[in-house]
Amino acid sequence: MTTHDVEIAIIGAGFSGLGAAIKLTQEGVEDYVLLDRGHDFGGTWRDNVYPGAACDVPSHLYSYSFALNPEWSRSYSHQPEIHQYINSVANEHSIGEKALFGSEVTHAEWNEDLRHWRIDYTRDGKSESLTARTLIGGVGPLCEPNLPDIEGIESFGGTVVHSARWDEDYDFAGKRVAVIGTGASAIQIVPQLGKVVGHMDVYQRTAPWIIPRNERPYFSVENWAFKNVPGLQSAIRGGIYSFNELVAAGMTWAPKALKPVELISRANILRGIRDPQLREAVTPKFAVGCKRILKSNEWYPTLDQDNVELVTDGIARVTKTGIVTNDGTARDVDVIVVATGFHVTDSPVFDTIFGAEGKSLAEVWSVGGMQAYKGSFVHGFPNLMLLIGPSTGLGHTSMVYMIESQLNYLVDYVRKTRARGIVRVDVTQEAQDAFNKGIQDALTSSVWVNGGCASWYKDEHGNITVLWPGFTFSFRQQTRSFDIAAYDVTTADETAAAGETASPVTVNA
Ligand code: N01
């Protein structure tokens, strides 16, 4: 095993990890590495290659503000183009030379005596390790596929494919297919499969609200204008952003104001489905916005196809040959597609990161759920910054905006800790508790709490620890500077005075 030391280690080379690398480079930090288990940049947008994978946030907003792309080919981008965009931004900033691809982090632990993180990872089958003063977790909440815990699924004799681990070699043409799930991934997969499969059963547990997707290709004259008309792309981006913030206001404080969205969605059902019984089956029974509002023009017409059956009876078990529902009906299939989401509030990554008291994030969060300060720092985990950490998720606009807000916070953390010779920061329990109380208070009037749905925004205790309530510009404002007063800090001088292996001398700055 080899060990080396860096100032900063970043885990994850998706939008957040790459953004951190670029900002650190611009700040003059050279001593950092980027670890990722995959083989290029892109994270979620590298891994989700299922047919139809695309973004439901308009292209102009779904990009870094510092790397606008006038070349987007469509108003909503598809996975290959976003993946290519992320890699081209990485190339432009020469981040590739900092990346250790094929590196799976297995364990990270804070060493209180040496004031650094020790990070163990495997690379090309070999165990490696490094130490870093600061650890940045940019693994993303949608990285660990959630395989449904359905009786007998392991005994299925055919193929089981998760949406985020697509088998590109599997030929679906003419096959009998079951799709479990009707979330954002499923509504993109099903219309594509519907064009080629012999027969498809779609297992719906909860019908989602789905509005039309006004996607279209850009004309070359538009791309010319995005490139050459000063401020045009930023203005379009600003318009999309502002409209989405209105939706955020409705979701957080005035769910009834979202009624027009419900009407648009109901019209989408009427337009897409002829059969009244099927229309009824796909009509959601919870308030719009409680779960992610989906966008598709093809979902309802696909369910209306002769070779597609919507199954609303609960799944009882999987057999060697197919799926049996609670009413006793058995439907045999060749392949089961599980579009059942991700481990968000219970990610296995949380079991691998250990703080100052030797406890993992999973252990610390097992009591009250995921909590951090400003979605970034967790009490008891010094010098660890999470990107897209607790309470930073969104259901209505671009996550890249939230990531960039956190990157401002990161840059100021680096500036202040370097300038003041600070070697250890730990957010105080009081600051973290007050911040999270503010989040929970803000949620009380929200559609996510009152909308009558179960969603992946809630953890096992029923708490919403994933979402940012309210306007995203408020988060931007709160993360503008690293508010050191919220942290216990230790300087290098204090460390030296206390002796190399003594307990830290901390001051609340
Ligand atoms: O996952 P989901 P996803 N038996 O958790 C069902 C982002 N995303 O991969 O609703 C039967 O939303 C579950 O049923 P229910 C986006 O943030 C973005 O689709 O819980 N069914 C649900 O229907 C999104 O929110 C884009 O009752 C089971 C589905 O599986 C997030 O990723 C595109 C089940 C899971 O839906 C996750 O989306 C795609 C079981 N045991 C994804 N377990 C963009 O466009 C689960 N289900 C940006």
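Numbering of the sequence shown is given in my numbering, commencing with residue 29 and proceeding in unit increments. We put the beta carbon where it would ideally sit given N, CA and C, even for glycine.
Cβ-heavy atom distance, residue i to the ligand N01, below 6 Å
i: Cys83; result: yes
i: Pro79; result: no
i: Gly124; result: no
i: Ile208; result: yes
i: Ala459; result: no
i: Ala479; result: The displayed chain sequence assigns Gly, not Ala, to residue 479. Answer for Gly479: no, Cβ out of range of the ligand N01.
i: Trp327; result: no
i: Gly369; result: yes
i: Arg320; result: yes
i: Leu170; result: yes
i: Ala315; result: no
i: Pro176; result: yes
i: Ser375; result: no
i: Ala212; result: yes
i: Thr234; result: yes
i: Trp484; result: yes
Coil, strand or helix - residue i by DSSP
i: Ala48; result: helix
i: Gly480; result: coil
i: Leu219; result: Reading off the sequence shown, one finds Pro at residue 219, where the question assumed Leu. Helix at Pro219.
i: Ile208; result: strand
i: Trp138; result: strand
i: Asn536; result: Unreliable positioning characterises Asn536 in this predicted model, as indicated by a pLDDT of 43, which lies under 50. A coordinate reading is not provided.
i: Arg65; result: coil
i: His190; result: strand
i: Tyr441; result: helix
i: Met430; result: helix
i: Arg345; result: strand
i: Tyr60; result: strand
i: Ser531; result: Caution is warranted here: a pLDDT of 42 is assigned to Ser531, below 50, making its placement in the model unreliable, and the coordinate value is therefore given only provisionally. Coil.
i: Lys284; result: helix
i: Ile512; result: helix
i: Pro418; result: coil
i: Asp454; result: strand
i: Phe254; result: helix
i: His227; result: strand
Residue i classed as buried or exposed, judged by whether at least 16 other C-beta atoms fall within 10 angstroms
i: Leu435; result: buried
i: Leu298; result: exposed
i: Gln505; result: exposed
i: Thr529; result: Note that Thr529 has pLDDT 46, beneath the 50 cutoff, so the model's placement of it is unreliable and the number below is only indicative. Under this definition Thr529 is an exposed residue.
i: Phe370; result: buried
i: Thr472; result: exposed
i: Tyr60; result: buried
i: Val249; result: exposed
i: Gly47; result: buried
i: Lys319; result: buried
i: Val395; result: exposed
i: Leu170; result: buried
i: His489; result: exposed
i: Pro288; result: exposed
i: Ala118; result: buried
Beta-carbon gap between residue i and residue j smaller than 7 Å
i: Tyr485; j: Val494; result: yes
i: Gln468; j: His407; result: no
i: Thr368; j: Ile208; result: yes
i: Gly180; j: Gly45; result: no
i: Ile147; j: Ala49; result: no
i: Val336; j: Arg345; result: no
i: Phe503; j: Ser426; result: no
i: Trp100; j: Ser116; result: no
i: Tyr269; j: Leu89; result: yes
i: Leu338; j: Ala309; result: yes
i: Ala285; j: Ala160; result: no
i: Gly479; j: Phe314; result: yes
i: Asp177; j: Ala206; result: no
i: Gly300; j: Pro258; result: no
i: Gly42; j: Gly168; result: yes
i: Val189; j: Val34; result: no
Does the structure place the region 208-219 close enough to the region 236-250 that three or more beta carbon pairs sit under 8 Å?
Cβ pair count under 8 Å is three or more, so yes.
Validate contact between the region 69-83 and the region 138-154 using beta carbons, cut 8 Å, 3 pairs:
Because the criterion of three Cβ pairs below 8 Å is not met, the region 69-83 and the region 138-154 do not touch.
Closer than 8 Å is the cut-off here; do at least three beta carbon pairs connect the region 148-160 with the region 117-132?
Below 8 Å, enough C-beta pairs join the region 148-160 and the region 117-132 to call them touching: three or more.
Three or more beta-carbon pairs under 8 Å between the region 323-335 and the region 352-361, yes or no?
No: the two stretches stay apart, fewer than three of their Cβ pairs being nearer than 8 Å.
Do three or more CB pairs link the region 446-464 to the region 391-402 at distances below 8 Å?
Touching, yes.
Is there contact between the region 409-417 and the region 78-85, where contact requires at least three CB pairs shorter than 8 Å?
Because the criterion of three Cβ pairs below 8 Å is not met, the region 409-417 and the region 78-85 do not touch.
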